[in-house]
Amino acid sequence: MVIDWMKKINITSDMLYLAAFASIFASISMWFLRRGDNDGNAERFGIFVGLWPPTFAILARALEEKEREFKVQM
113 MVIDWMKKIN ITSDMLYLAA FASIFASISM WFLRRGDNDG NAERFGIFVG
163 LWPPTFAILA RALEEKEREF KVQM
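Residue numbers (the numbering used here): 113 to 186.
What follows is the structure in structure tokens.
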């Protein structure tokens, strides 16, 4: 259902793979570039963003399979 919706609004698997790599970079950046008195909050936010890449990668893989099925049908 989610995969069909993403295909319908023209999200590609490449976009999701890129989002996974970008979120890894964002997480590392937040971890090292934390500022201010509240370092713990910045670290927790970096860890939170670090949880996104597996989700993006799983969705990208599922969408990639859907794209292959679509190409075979054509």
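Positions of the beta carbon are idealized from the N, C-alpha and C atoms, including for glycine.
Looking only at C-alpha atoms, which of Ala169, Phe144, Ile170, Phe168 sits nearest to glycine 158? For the purposes of this step, residue 158 is identified with residue 46 of the sequence shown, where counting begins at 1. With distances taken between Cα atoms, glycine 158 lies closest to Phe144.
Which whole-angstrom value is the C-beta distance of proline 165 and serine 135, which I expect to be below 8 angstroms? Against the sequence shown, residue 165 aligns to sequence position 53. Against the sequence shown, residue 135 aligns to sequence position 23. 5 angstroms between Cβ atoms; contact.
Between Ser139, Asn122, Asp126, Met113, which lies nearest to arginine 173 when the distance is taken from Cα to Cα? On the sequence shown, residue 173 is found 61 positions in, with the first residue counted as 1. Here the closest residue by C-alpha is Asp126.
For a quick check, are the C-beta atoms of leucine 175 and leucine 128 less than 8 angstroms apart? Counting from 1 along the sequence shown, the entry for residue 175 is found at position 63. Counting from 1 along the sequence shown, the entry for residue 128 is found at position 16. For leucine 175 and leucine 128, yes; Cβs fall inside 8 angstroms.
Let me make sure I understand the geometry here. Which of Asn150, Arg156, Gly162, Met118 has the alpha-carbon closest to that of serine 139? On the sequence shown, position 27 is the one that residue 139 refers to. Closest option to serine 139, Cα to Cα, is Gly162.
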